[in-house]
Amino acid sequence: MGHAFSYAGYVTAIWLFLIGLYGVVTSRHLVHLCLSLTVLQASTYVLFTIIGFRPGLPAPIFTDGVTPGSPAVDPVVQALMLTDIVVEATVVALLLAITVRIHRRSGTTDPNQVDMMRG
Amino acid sequence: MQFAPLPVVIPLIVAAAMAAGSGFLHRRVLDLGALATSAAVLAITLHLTAVSSKGVIVYWFGGWQPVAYSHFPIGICFMIDPFGAGLASLVSLLVLAAFTFSWSYFESVKALYHTVMLVFLAAMCGLCLTGDLFNLFVWFELMTAAGVALCGYKSEESQPLQGALNFAVTNTIGAFTSLIGVGLLYSCTGSLNMAEVGATLSRGSSGHSFLIVGFLFLIAGFLVKSATVPFHFWLADAHAVAPTPVCILFSGVMVELGLYAIARIYWIVFAAASQPMMNAIRTLFLTVAVLTAILGALYCYGQRHLKRMLAFSTISHVGLMLLAFGLLDPTALAGGALYLLGHGMIKASLFIGAGILLHRFRSVDEYDLGRVNRQIIPIALMMIAGAWGLAGLPPFATYFGAEQFEHAAAEQHLTWLAGVIAFSEIMTSAAVLRFTGRALFNLGRGYSIASRGAPHIHMEVETHGKHSRVPAFMWLPMALLLLAAIFVTIPIRHSAAHYAAQFESAPVYESAVLGQNPSQFVPPQRPAVIHDESTSSTWWTRIVVVVGMFFFALLGIFPRRRNSVVSRALYRAIGYPLLRLRPLQSGRVGDYVAWMAFGIGAYGAVLLLLR
Amino acid sequence: MTFLQIGVLVLVALGGTILVFTRDAGAQPIVLSLFGLILALMFMIFQAPDVALSQIVVGAVGLPLMVLLAIAKLRRDEQFLKREKDRERKAQS
Amino acid sequence: MTPKWRLIVFFIGAAGIVCLFALVRAPVLRLNEFRNRYAQQINTRTFAERNVTDAVSAVNFDYRGFDTIGEEFILFVSVLGSLVLLRMAEERKDEILLDALDRKRDVGPSDATRLWILAMIAPKLVFGVYIVTHGQLTPGGGFQGGVILATAALILYLGEGFAVFRDVLSHTAIEVGEAAGAGAFVLIGMLAWFWRRPFLTNILPLGKSHELTSGGTMALISIATGLEVAAGFILLLYAFLQENLTIEGEE
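Those protein sequence lines, which keep their order, are chains D, W, U and Z. Note that the numbering used here has the first sequence beginning at 12, numbered continuously upward. Note that the numbering used here has the second sequence beginning at 61, numbered continuously upward. Note that the numbering used here has the third sequence beginning at 374, numbered continuously upward. Note that the numbering used here has the fourth sequence beginning at 1376, numbered continuously upward.
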């Protein structure tokens, strides 16, 4: 079976996913909601990290001391995570812009009070 | 196939050029450029559809053919078949219609509107054509970002912002859940290519529960996008308030793209490996489809705001299309594809109708309007034709589609599903008819029971120029889309079943993508058939639908006295459930996310218990 | 080595929890920045220097900065709206 | 729904999600023969095929470059969306107010602080450019370097105030830069297409390993990305800063 770190990482990923969801569900402030989303997304970072990691292998950068072509940690998941980080940053920027705008229009930042449409 | 990347690449280049030149480009130049781009993309996607009908086209970006790597896919590929390319054609057709409609539309803040719309087009085309799981996620996220930007475009009022917020939060969480799914599958199969992942899973060492959970997480984002119960709440909020050209795309194709992705993922990645669990998956999807269709239809009938009404009708029809997919049968899938094309065009046409009313009368509210105007009568007639199409009546493509999956349901001894289909068709079309009767023909008096508690949404005027007339570039796309919804059946009606059978056979795609064998598709032993002979039962259903549609429309227009038998029965059947259900659609994003968590858990529980 | 890895994962879980339970707008950017740094540390320990660099510039600097600016803007808007309201009230009386 | 019911619904769902994760624990944590084959292919071939030493950059800019195009446009569209939402163009008319404000801001940070802050800009710029151009050799690349370059602009604002920030970094120029960066990436991909090779094929000479020119189109893509990301983040700064100041100016 897997290594201790992968158990810890797996549990951490689940925990971040759920606690992030909990934050979004109970949020009373749109900025707080954005931050909860970043926590939620951190669960994907942790999951990808432990999937790609192999104990004892170096980072996939073949400069000092690492022979080109030798085994290394998974570079594919790292590339995916780079994309993921950009996505996170931009989504949060968009949401913050919406937040500012909502506050301008309706004077509130509580997602439970902006409901003009229901039913 | 040299043209394959162009549906994505051309809009992106034009978008970047427009953004760079936004300072000095004249508005009309932007309009013309956008129209030309979407027309070009339409031509290319139609060409791709035609070419791919002879065999799946696989296009490797960067030239990373897997043949050189012992058949392991190392790059990203487009995997183009008639379904994907056909859907991309629908996307570009509707984008073309949207740009035509917006010729005299709201002032653009520099070139931002055109730029974001073009990026949206590219993202949707990419989603239709890609054959890579992570690439699918990228286009999904690009679609969401562009959609949110477009949804909040007219942010002078608070409602568009609320819609954009709910859209952004729910879809982003869905995307992250899908990303977790991608991670789970990558950990087990070591690949991101759909065909390769499917092949590895079917070699099977991962166990049933892994398949279920991986599937569920992977499609979670697309369940949100396609607004199935209980992931559907955001849709009405976003669609009701987005600018009209954006609504055309949201309801016409974006939602359906979610369904397409689910079907694609299921058939290529999971179907072979999850063969023993097929019944559980079928039960889950049929249950969800029935719930979605009924719930959407009820809400739809209970609205007074035309756009919101159409949004709920989209939810209901998504239920029907999910039903077509959930039967897991090529005939039903072919019917679903036909239905999807017809529905996309009709819904787009109706949304253009809403845009015209907003342009002409500055309102789309059933009770605020109520002005007969000779000029608006052609529009009203087209709305009625649209309602006829929503009801799945001939000669619209929706009829030929619905007929097919009713047949398939009957073959699986699920005849009662025809009742659900009829209910959804009756309520959604009756709602549109009721609206047209009240608002455009000034019929009726009093309030309909169903409208009690429906939100009244103030809309801002989107157009400039003369409001006293309806320009041709507004009504023309509306009429042409309705005609297209009729004539689209002719070229594809008979070939659809063949490509549906191909769509459902992963080995074809595997050999095409991984390049091990020639990719000729041999139809299965019992080929899927398009049922030509209309049995008497389908005719009976149609008659019931027509009668029911007019009954509920008239009942909405001329409500009876409160204690009459009819109105008490109606209250029990429609009014009371609606009153109870309305609070669920609370407009609060926290509620929606709680329901999403519930949905993932519930779907998983159903699959695990039935497996 | 495993000790280090598990330690940083525990830190990540703790950091996320604290961030979700930080409801005070003043503290949020700081906690977010710290959480970003912890994640970057995790990436370093798990041999992902590219991701770590990107996480430092985005997660620990860029994102908290945007949050900071947004919160500042919300505060200013708050004052602005209040002043508008006062002005209206004065005009009425 | 009342908050209580919302929590109940959420906790039922959360319990389900925990069960789902628990069920797939073993296949995810256990190593199987498939797990790392993609990584192995990349790790063994990157250096031989592309002459570059950073495998992550090779995946980002070459093997899976098409993903990165999508990613660049997510950034592009989100920045535009934020600009739309914060209504840059509409609020341009308030710039007169801004000028009045800038005069007021003369009593900003002391000269010593300003000097310190400004002294940080040059190294920031150098570092950012270094990271952008060495993407294929060492950790980093267009994305990370781009953000570093954008923070240099932030320092300029902190030291010199908005007027100088605006004069040095003209809004139009930055907008054009952002669009150019995003467009350049796609155009580099099209370069191969015009030579009748698949989109995004790396057709430039691969250069010598461990040198700046190694990796063919990768270096160009990295620079295009850097331009786009830096410009995009500066535009976001603009959007948030300018609206702040507009409000202030109305005082």
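By construction, the Cβ of each residue, glycine as well, lies at the ideal position given by its N, Cα and C atoms.
(Q) Distance check for HIS14/D and THR74/D, CA to CA, integer angstroms please. (A) 28 angstroms
Q.
Checking the sheet assignment: what are the DSSP bridge partners for ILE72/D?
A. ASP1429/Z
Q. Taking Cβ-Cβ distances shorter than 9 angstroms, what residues in chain Z pair up with PRO82/D?
A. ASN1411, ALA1414, GLN1415, ASN1418 and THR1419
Q: Output yes if chain D places a C-beta closer than 9 angstroms to the C-beta of GLU570/W; else output no.
A: no
**Q.** Within chain D, the residues that ARG1381/Z reaches when beta carbons sit closer than 9 angstroms
**A.** VAL36 and THR37
Q) If the cut is a Cβ gap below 7 angstroms, which residues of chain D does SER406/U touch? A) Result: empty, since nearest Cβ-Cβ is about 11 angstroms, beyond 7 angstroms.
Q. Does any C-beta atom of chain Z lie closer than 9 angstroms to the C-beta of ALA318/W?
A. The sequence given here has Gly at residue 318/W, not Ala. With 9 angstroms as the cut-off, GLY318/W does not count as an interface residue toward chain Z.
Q: Using DSSP bridges, identify the partner residues of CYS137/W.
A: TRP120/W
(Q) For chain D, check one thing: does any of its Cβ atoms lie closer than 9 angstroms to the Cβ of THR232/W? (A) yes
Q) Between which two residues does the alpha helix (DSSP H) harbouring LEU1544/Z extend? A) It is not in any alpha helix (DSSP H) - LEU1544/Z carries neither H nor E in the DSSP assignment.
Q) Taking the alpha carbon of GLY386/W as the point to measure from, which residue in HIS86/W, ALA323/W and LEU441/W has its own alpha carbon closest? A) ALA323/W
Q | Inside the stretch 17-83 of chain D only - alpha helix (DSSP H) runs reaching at least 4 residues | A | 41-63
(Q) Within 10 Å of its beta-carbon, does ARG1410/Z have 16 or more other beta-carbons around it, so buried, or fewer, so exposed? (A) buried
Q) So which residues of chain D does PRO1422/Z contact, with C-beta pairs closer than 8 angstroms? A) Looking at the sequence provided, one finds Phe at residue 1422/Z rather than Pro. By Cβ distance, chain D contributes PHE73, PRO79 and GLY80.
Q) Since THR391/W contacts GLN335/W with CB under 8 angstroms, what's their CB separation in whole angstroms? A) THR391/W to GLN335/W, Cβ: 19 angstroms. No contact.
Q. Among LEU615/W, GLY513/W and ILE486/W, which residue has its Cα nearest to the Cα of LEU644/W?
A. GLY513/W
**Q.** Among SER247/W, ALA171/W, ILE660/W and ASN231/W, the one whose alpha carbon lies nearest that of PRO1402/Z
**A.** SER247/W
Q | Every unbroken beta strand (DSSP E) inside the stretch 1380-1411 of chain Z [3 residues or more] | A | none
Q | Beta-carbon separation (whole angstroms), THR1513/Z vs ILE72/D, contact threshold 8 angstroms | A | 7 angstroms
Q | Length of the line joining the Cα atoms of TYR399/W and THR458/W | A | 4 angstroms
**Q.** Three-way DSSP call (helix, strand, coil) for HIS403/W in this model
**A.** helix
Q) Does any CB atom of chain W fall closer than 9 angstroms to the CB of ARG1572/Z? A) yes
Q) Nearest to VAL431/U by alpha carbon, out of LEU1398/Z, ALA1554/Z and VAL1522/Z? A) VAL1522/Z
(Q) Using the three-state DSSP reduction, which class does ASN1577/Z fall into: helix, strand or coil? (A) coil
Q. Under a CB-based cut-off of 9 angstroms, is GLY661/W close to chain D?
A. no
(Q) Using C-beta distances below 6 angstroms, list every residue in its chain close to GLY1601/Z, excluding the 5 sequence neighbours before and after it, in chain order. (A) VAL1507, GLY1517, GLY1520 and GLY1521
Q. For chain D, is any of its Cβ atoms less than 9 angstroms away from the one on VAL1561/Z?
A. no
Q | ALA90/D: contacting residues in chain Z (beta-carbon distance under 7 angstroms) | A | VAL1431, VAL1434, ASN1435 and ARG1439
Q: May I have the straight-line CA-CA distance separating LEU346/W from LEU641/W, to the nearest angstrom?
A: 21 angstroms
Q. What does THR55/D touch in chain W if you count any residue whose Cβ is under 7 angstroms from its own?
A. PHE236, LEU239, ILE240 and GLY243
Q: Classify THR94/D as helix, strand or coil using the three-state DSSP reduction.
A: helix
Q | Helix, strand or coil at ASN253/W according to DSSP, with G and I counted as helix | A | strand
Q: With a floor of 3 residues, list each beta strand (DSSP E) that falls wholly inside the stretch 180-239 of chain W, ordered by position along the chain.
A: none
(Q) Pop quiz: CYS188/W and LEU317/W are said to be a contact at Cβ under 8 angstroms. What is the actual Cβ separation, rounded to whole angstroms? (A) 7 angstroms
Q. Hey, out of PHE227/W, ALA447/W, THR601/W and GLY575/W, whose CA is closest to ALA287/W's CA?
A. PHE227/W
**Q.** Within chain D, partners of ASP450/U - CB distance below 9 angstroms
**A.** VAL111, HIS114, ARG115 and GLY118
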